[in-house]
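Heads up, the sequence shown is in this note's numbering, so the first residue is 419 and it goes up one at a time.
Ideal placement from N, C-alpha and C gives every residue a C-beta, glycine not left out.
Structure record follows, encoded as structure tokens.
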Amino acid sequence: MPLTSQNALEARAGLDTETLAMMLETIRDFVRDAIPDERLLQLDHDDECPADLVRAMCSDQLGIQLLFIPEEYGGMGGSTMDVYRVCQEMAGLDLGIATSVLATFLGSDPIFFGATPEQKTQWLTEMAERGVLYAYGATEPEAGSDLGALKTTATPVLTDGSVSGYRLNGRKQWISNGGIADKYTILASAPGGPSWFVLDRGTEGFTQNRPEDKHGIRLSNTAALFLDNVFVPVGNLVGDVEGQGLIQAQKVFGYTRVMVATFGLGAGWSALDRAITYSTTRIQGGAPLSEKQGYTHKLIVPHAVRLEAARAFIEFVATRIDAGEGADGALNTEGAIAKYLATEAGNLAADAAIQAHGGYGYTREYLVEKIKRDVRITTIYEGTSEIMEMTIARDRWQQHLKTAGRYYLDSAAGLRALDARHPDVGAGTAAVACEALAGVLEACRAGRLTRNQHVLLRLGELIAAAEGAGCFAARAAAALDGDLPEKADHRFDGTALAAMSRVFARDAALKVACDGLRWVTGPAGPQAAGSTPLLSSLRLDAACAAQEGLIADMDRVADALYGRSGASSA
Ligand SMILES: Cc1cc2nc3c(=O)[nH]c(=O)nc-3n(C[C@H](O)[C@H](O)[C@H](O)COP(=O)(O)OP(=O)(O)OC[C@H]3O[C@@H](n4cnc5c(N)ncnc54)[C@H](O)[C@@H]3O)c2cc1C
Numbered sequence: 419m420p421l422t423s424q425n426a427l428e429a430r431a432g433l434d435t436e437t438l439a440m441m442l443e444t445i446r447d448f449v450r451d452a453i454p455d456e457r458l459l460q461l462d463h464d465d466e467c468p469a470d471l472v473r474a475m476c477s478d479q480l481g482i483q484l485l486f487i488p489e490e491y492g493g494m495g496g497s498t499m500d501v502y503r504v505c506q507e508m509a510g511l512d513l514g515i516a517t518s519v520l521a522t523f524l525g526s527d528p529i530f531f532g533a534t535p536e537q538k539t540q541w542l543t544e545m546a547e548r549g550v551l552y553a554y555g556a557t558e559p560e561a562g563s564d565l566g567a568l569k570t571t572a573t574p575v576l577t578d579g580s581v582s583g584y585r586l587n588g589r590k591q592w593i594s595n596g597g598i599a600d601k602y603t604i605l606a607s608a609p610g611g612p613s614w615f616v617l618d619r620g621t622e623g624f625t626q627n628r629p630e631d632k633h634g635i636r637l638s639n640t641a642a643l644f645l646d647n648v649f650v651p652v653g654n655l656v657g658d659v660e661g662q663g664l665i666q667a668q669k670v671f672g673y674t675r676v677m678v679a680t681f682g683l684g685a686g687w688s689a690l691d692r693a694i695t696y697s698t699t700r701i702q703g704g705a706p707l708s709e710k711q712g713y714t715h716k717l718i719v720p721h722a723v724r725l726e727a728a729r730a731f732i733e734f735v736a737t738r739i740d741a742g743e744g745a746d747g748a749l750n751t752e753g754a755i756a757k758y759l760a761t762e763a764g765n766l767a768a769d770a771a772i773q774a775h776g777g778y779g780y781t782r783e784y785l786v787e788k789i790k791r792d793v794r795i796t797t798i799y800e801g802t803s804e805i806m807e808m809t810i811a812r813d814r815w816q817q818h819l820k821t822a823g824r825y826y827l828d829s830a831a832g833l834r835a836l837d838a839r840h841p842d843v844g845a846g847t848a849a850v851a852c853e854a855l856a857g858v859l860e861a862c863r864a865g866r867l868t869r870n871q872h873v874l875l876r877l878g879e880l881i882a883a884a885e886g887a888g889c890f891a892a893r894a895a896a897a898l899d900g901d902l903p904e905k906a907d908h909r910f911d912g913t914a915l916a917a918m919s920r921v922f923a924r925d926a927a928l929k930v931a932c933d934g935l936r937w938v939t940g941p942a943g944p945q946a947a948g949s950t951p952l953l954s955s956l957r958l959d960a961a962c963a964a965q966e967g968l969i970a971d972m973d974r975v976a977d978a979l980y981g982r983s984g985a986s987s988a
């Protein structure tokens, strides 16, 4: 079923596989032709957004905006899987340009999810036909993670006793496309509560600051917006009802966070692939670095494993959204896990890619230095990693309480069933991670430890690791069974994914057990766990036993990454 506005987050099939493949190739060729590496470096150096290119990409020249727009408004009605593949591709080319393109989609999000049918016809059709660039204006100087603290106001203007419009006053901060957009969706506090308004560039009293001088994504325009008694007609109140703004923003986090997750994935792989290529030709100690186990198993393999674990989660959430599960924020926690895993993995991978290039990595020419600066933003925008940890931990904590501690024990049982069918995908070790997690959560409940915010957020990290391991094992099993969706990424075969999954699951099980021990005993000593036998509930023995075979599996992953058949040498 194609994406339509009525079923905004309901079942969707999107593009056919050939059209998607063609779109990916066209984007790659278009961006590489327009901005070869030297120009990319120059624009980064000059801190310049190639606005004409962004416009060309979001208009009929390339038509990326059509992917995001339902067919009934003249778009192509792309599915979440389509958007994931396209966003990953763009992020691999340049994260600044990818940010500009995605920002225009984020800017139209409040319309997509909150506007009346007439408003959608007006604004989405215009976007499809004319490639109008949008910006998404939520953040303020004093309202970032906590949007409820917003200060921008929308004061009704009365004409003949009825509301004819609003006067907007306030300031927006860090707005992508802020200086180049044609239209802006602005979150402001109306008498009925936070509400979205569509504002045209050039409206009297509405000005944009100069672009921010940023650490990375210097090819994207980020600017503050000033709203000084700006009049917007009543018809520009999204959805015609005040007070829906935060609800509308919340509704789509499952979706939008998956998109930013793909940015971490695309940029992380772009850096790592450069390191992989470099290491095959760089000779040190008499052989290419790619043959040095101490190099590959520190700087390449763990990062490939983490990125692929994150991909498994992204595809898992995308598939569920496309099956119609994401309505009304139902997959917000899963979206947060995807974002957290992928953006943290991408950031670490890019850092390792600099190290893998040695001194060359520290210079600009090899681009990994730029990618590292670029990818850093993905752990900040669209919800910081700490906010992701909080979102994940709060929800799963509730699940643990509601099920009287069964939530992760049930997940473990499911993974043990998978392990019985597929003993080679790390599902048994992922089950150990889930059992340990159930033990940690129960100890936290008994000791009332989540009163410490730090403990709560660390639980978010452990939950992401355990759920990531389970999801990766399932993806590896699907790949071995030939059951991966057609639109899934097929870079690695089932055998390679199984080895990667085993490496990730070992890490997750040990992490949950060791970090869990730390965060349970840290606040109040071993007695914090109450009467629970702490060490056995953390499955420390099982997590240690599962480590056997780790180096051999890392060898297998290295072989898969370098396309060779034997084990790597010391
Ligand atoms: C380049 C760039 C582009 C952006 N594009 C857009 C855009 O297009 N539209 C838009 O609306 N916004 C945009 N943003 C804003 C972005 O989403 C926010 O910067 C982000 O949500 C964090 O908000 P903040 O900067 O106010 O940080 P804060 O919320 O002040 O956070 C500061 C630190 O405190 C932590 N923290 C915050 N709250 C808590 C808490 N309760 N408990 C524990 N720790 C906490 C955070 O994790 C972070 O580490 C952009 C930002 C940047 C830098």
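Note down, in chain order, each residue of its chain lying with its Cβ closer than 8 angstroms to the Cβ of Leu833, except the 5 sequence neighbours on either side. Ala845, Gly846, Ala848, Ala849, Cys852, Gly888 and Ala891
Using 8 angstroms as the threshold, is the segment 717-724 in touch with the segment 786-799, meaning 3 or more CB pairs across them? no
I'd like to check one pair, Tyr758 with Ala882: are the Cβ atoms closer than 7 angstroms? yes
Residues sharing a beta bridge with Leu504, DSSP: Checking the sequence shown, residue 504 turns out to be Val, not Leu. None, per the DSSP bridge assignment.
Taking only three categories from DSSP, how would you classify Ala988? Because the pLDDT at Ala988 is just 36, under 50, the model does not fix this residue reliably, and the point stays unresolved.
Classify Val850 as helix, strand or coil using the three-state DSSP reduction. helix
Going by CA-CA distance only, name the one from Leu836, Asn750 and Ala884 that's closest to Gly934. Ala884
Cutoff 7 angstroms: Ala608 Cβ touching any chain C Cβ: Absence of chain C from the displayed structure is noted, only one protein chain being present.
Could you tell me whether the Cβ atoms of Gly990 and Ala926 are closer together than 7 angstroms? Nothing can be reported for residue 990: it is not among the residues displayed for the chain, which extend from 419 to 988.
In the DSSP assignment, the alpha helix (DSSP H) including Asn750 goes from what residue to what residue? Asn750 to Ala774
Ile598 and Leu643 closer than 7 angstroms at C-beta: no
What is the residue span of the alpha helix (DSSP H) that Asp618 lies within? Asp618 -> not in any alpha helix (DSSP H); beta strand (DSSP E) instead, spanning Gly611 to Asp618.
Comparing the CB of Ile795 with every heavy atom of ligand 1, is any distance shorter than 6 angstroms? yes
Give me the residue from Gly747, Ala641 and Thr625 with the minimum Cα distance to Lys632. Ala641
Proximal residues to Phe448 (C-beta, below 6 angstroms), its chain only, five neighbours per side dropped: Leu480
Local Cβ density within 10 Å of Pro468, reported as buried at 16 or more and exposed below that: buried
Going along the chain, which unbroken runs of the alpha helix (DSSP H) with 4 or more residues stay wholly within the segment 639-671? 663-669
Pick from Leu915, Pro651 and Asp658: whose alpha carbon is nearest that of Val975? Leu915
Need the endpoints of the beta strand (DSSP E) that Tyr799 sits in, please. No beta strand (DSSP E) contains Tyr799, which DSSP labels as neither H nor E.
Helix, strand or coil for Arg957 per DSSP? coil
Taking 6 angstroms as the cut-off, is the beta-carbon of Glu443 closer than that to any non-hydrogen atom of ligand 3? Summarising the ligand content, the structure contains ligand 1 and does not contain ligand 3.
Thinking Ser526 and Met499 are a contact (beta carbons under 8 angstroms), I'd like their distance in whole angstroms, please. Not confirmed; about 20 angstroms, so no contact.
Can you grab the Cα-Cα spacing for the pair Cys932 / Thr939, in whole Å? 11 angstroms
With respect to 6 angstroms, is the separation between the Cβ of Tyr799 and the closest non-hydrogen atom of ligand 1 below this value? yes
Note down the Cα distance separating Leu421 from Val501, rounded to an integer number of angstroms. Note on Leu421: pLDDT 37, under 50, position unreliable in the model; the coordinate value appears next. Rounded to the nearest angstrom, the two C-alpha atoms are 12 angstroms apart.
Just reading off the alpha helix (DSSP H) that Leu833 is part of, what are its end residues? Tyr825 to Arg839
Measuring alpha carbon to alpha carbon, tell me which of Gly495, Leu586, Thr603 and Gly492 ends up nearest Thr522. Thr603
Roughly how many whole angstroms lie between the Cα atoms of Ala917 and Asp977? 11 angstroms
Just to check, is the beta-carbon of Ala516 closer than 6 angstroms to a non-hydrogen atom of ligand 1? no
Helix, strand or coil for Leu586? Go by DSSP, reduced to three states. strand
Just how far apart, CA to CA, sit Ser563 and Met808? 11 angstroms
Are there any heavy atoms of ligand 1 lying less than 6 angstroms away from the beta-carbon of Ala521, as far as the coordinates show? yes
Cβ neighbours of Ala985 in the same chain (closer than 6 angstroms, five flanking residues each side left out): For Ala985, the predicted structure reports a pLDDT of 42, less than 50, and the residue's modelled location is therefore unreliable. A value from the coordinates is still provided. The answer, listed in chain order, is Asp973.
Would you report the Cα separation of Arg920 and Arg729, rounded to the nearest angstrom? 15 angstroms
Could you check the C-alpha separation between Leu586 and Leu645 for me, to the nearest Å? 6 angstroms
Can you list, in chain order, the residues of its chain with a C-beta nearer than 7 angstroms to that of Gly462? Leave out the 5 residues immediately preceding and following it. Before going further, note that residue 462 is Asp rather than Gly in the sequence given. So the qualifying residues of the chain are Arg636, Leu637 and Lys788.
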